[in-house]
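Notes to accompany the following structure.
There are 2 protein chains.
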Amino acid sequence: MAQVLTEQATEPAVRAWTRLLRAYVSTTRSLSAELLEGHGLTLNDYEALLVLSRAEEGRLKRVELARSLMLTPSGITRLLEGLEDAGLVERASCKTDLRVTYAQLTDAGREKLEAAASDHVASIRALLEQHLVHDEIDAIAEILGKLPAVAEGDESCSPG
Amino acid sequence: MAQVLTEQATEPAVRAWTRLLRAYVSTTRSLSAELLEGHGLTLNDYEALLVLSRAEEGRLKRVELARSLMLTPSGITRLLEGLEDAGLVERASCKTDLRVTYAQLTDAGREKLEAAASDHVASIRALLEQHLVHDEIDAIAEILGKLPAVAEGDESCSPG
DNA sequence: TACAGTTGTTTGCGTACTCAATAGTACACG
DNA sequence: CGTGTACTATTGAGTACGCAAACAACTGTA
Chain A
5 MAQVLTEQAT EPAVRAWTRL LRAYVSTTRS LSAELLEGHG LTLNDYEALL VLSRAEEGRL
65 KRVELARSLM LTPSGITRLL EGLEDAGLVE RASCKTDLRV TYAQLTDAGR EKLEAAASDH
125 VASIRALLEQ HLVHDEIDAI AEILGKLPAV AEGDESCSPG
Chain B
5 MAQVLTEQAT EPAVRAWTRL LRAYVSTTRS LSAELLEGHG LTLNDYEALL VLSRAEEGRL
65 KRVELARSLM LTPSGITRLL EGLEDAGLVE RASCKTDLRV TYAQLTDAGR EKLEAAASDH
125 VASIRALLEQ HLVHDEIDAI AEILGKLPAV AEGDESCSPG
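Protein chains in written order, with our numbering: chain A, 5 to 164; chain B, 5 to 164.
The following block contains the structure:
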């Protein structure tokens, strides 16, 4: 038992996991702070706008958005609350299924995203390239991409 | 501007960052759930016990613990609240500096940690090795280790 | 048509943090 | 000695999430 504790430090999987954790926390803090200060968006605000901007017609079911952002539906409700209040996203309902409401990117939302994107991408690049060379960046992208994520799947319906 | 949005998907640094994010979230959820269900510990509870177990005499200043866990002092106060209530950690004061109180691992805490450790390490291994080969695990450990973390530094003083 | 089960969304509550403000202690310097 | 500055720990307020429950609307079955 106690052996596990001393082994743990040298167990490769544990090392990898620990460093993943620390890398995530430190980079997230830095990027989050810059995005918030520069554009008043949280990381999830930004990701939501980005995902919507890539969706057909800038519109996505809330459930789909939840999957993309790895949030629960309730998390999405609250996230979009803020974006709706800010006028960056609006609601659109679905003709054929009254249960669903779409999150629809507004023009203001798209502008906000475009304004934030260049800064944010620059921040990411700066942060990573400050410590890693290009090969290393490619390598972690490729390797981490093999870890499980969240499936997507969407049948759209005509908005009303 | 809009160019940034279409470029973003193919920018290596952004890809790496996005995947780091997703890898963190998905692995954390899985590991956190197992640890909580199996031993009633949160990830930070576990990490706190682990850091303490490695510290000299199983004792660490709260400030140092905060640095190790990348939490604020207030976060540590509340984290240790729970561990103290559970009898896994206790307070010890410092003879020479009355401002500091140590977090001191108890015997129960060490037992709890040892019990949890083997399961937790097994979970980490299983999760990573299910998707990655050993070389990849070593690679991300090494590369992510180059990203900035938090400095440590401790001058102990005799406990009272 | 009626009823049961499923799905999308919202809401109340709890949790785990952060930040800002506070109190107590340490220590250097006049 | 006081006094100012730095540091430790705690507390109150606020934030961002998840979970579970509630509700509405859809779907399948008969």
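Positions of the beta carbon are idealized from the N, C-alpha and C atoms, including for glycine.
Keep in mind it's a predicted model, so treat the numbers as computed, not measured.
For HIS135(A) against LEU53(B), the beta-carbon gap comes to about 30 Å, at or over 8 Å, which does not count as contact.
Here GLU68(A) is buried, its C-beta having at least 16 other C-beta atoms within 10 Å. At a cut-off of 8 Å between C-beta atoms, HIS138(A) counts as an interface residue with respect to chain B. Of the candidates GLU118(A), VAL137(A), ASP101(A), GLU118(A) places its Cα closest to the Cα of GLY42(A). The criterion of a C-beta distance shorter than 8 Å is satisfied by ARG63(A) and GLN108(A). At a C-beta separation below 8 Å, LYS150(A) has these neighbours in chain B: HIS135, LEU136, GLU140. In the displayed model, VAL137(B) falls within coil according to three-state DSSP, outside both helix and strand.
Here THR76(A) has ALA70 as same chain residues with Cβ atoms under 8 Å from its own Cβ, once five neighbours each way along the sequence are excluded. Taking 8 Å as the threshold, the shortest C-beta distance from THR31(A) to chain B falls below it.
Beta-bridge partners assigned by DSSP to ARG95(A): ALA107(A). In terms of beta-carbon proximity, ALA143(A) lines the interface with chain B, with at least one pair separated by less than 8 Å. Each of LYS116(B), TYR28(B), GLY44(B) was checked against the Cα of THR32(A), and the nearest Cα belongs to TYR28(B).
Between the beta-carbon of ALA112(A) and that of THR105(A) there is about 19 Å, and that puts the pair past the 8 Å contact cut.
Contact of ILE128(A) with chain B is assigned, a C-beta pair being separated by under 8 Å. Boundaries for LEU151(B): no beta strand (DSSP E) harbours it, and the DSSP string shows neither H nor E there. Proximity of chain B to ARG23(A) at the Cβ level (cut-off 7 Å) is accounted for by ALA145, LEU148, GLY149, in chain order. Assignment of LEU102(B) by DSSP, reduced to helix, strand and coil, places it in the coil class. At a Cβ-Cβ threshold of 8 Å, GLU94(A) and GLU85(A) do not count as neighbours.
Ranked by Cα distance from THR14(B), the options ALA153(A), SER36(A), ARG129(A) are led by ARG129(A). For LYS116(B) and VAL55(B), the gap between their C-alpha atoms comes out near 14 Å. Nearest in C-alpha terms to HIS138(A), of all of GLU133(B), ILE147(B), ASP139(B), is ILE147(B).
Residues THR46, LEU47 of the same chain have their beta carbon placed closer than 8 Å to that of SER36(B), with the five preceding and five following residues left out of the count.
Contact annotation, ALA143(B) with LEU132(A): C-beta distance approximately 16 Å; criterion of less than 8 Å not satisfied.
In this structure, the straight-line span from the alpha carbon of ILE141(B) to that of ALA17(A) is close to 6 Å.
Within the model, the alpha-carbon separation for LEU92(B) versus GLY44(B) is close to 12 Å. Its chain contains SER127 as the residues whose beta carbon lies nearer than 6 Å to that of GLU38(A), once the 5 sequence neighbours on both sides are disregarded; these appear in chain order. Below the 8 Å Cβ cutoff, chain B contributes no neighbours of LEU84(A), its closest Cβ being approximately 19 Å away. Residue state for LEU40(A) is assigned as helix, using DSSP reduced to three classes. Straight-line spacing of the CA atoms in ARG103(B) and LEU73(B) works out to 21 Å. Residue contact with chain A for PRO16(B): present (Cβ-Cβ distance below 8 Å to some residue of chain A).
Taken through DSSP and simplified to helix, strand or coil, LEU64(A) comes out as strand.
With a threshold of 8 Å between beta carbons, ARG63(A) makes no contact with chain B. Approximately 21 Å separates the beta-carbon atoms of GLY79(A) and ARG23(B); this is outside 8 Å, ruling out the contact.
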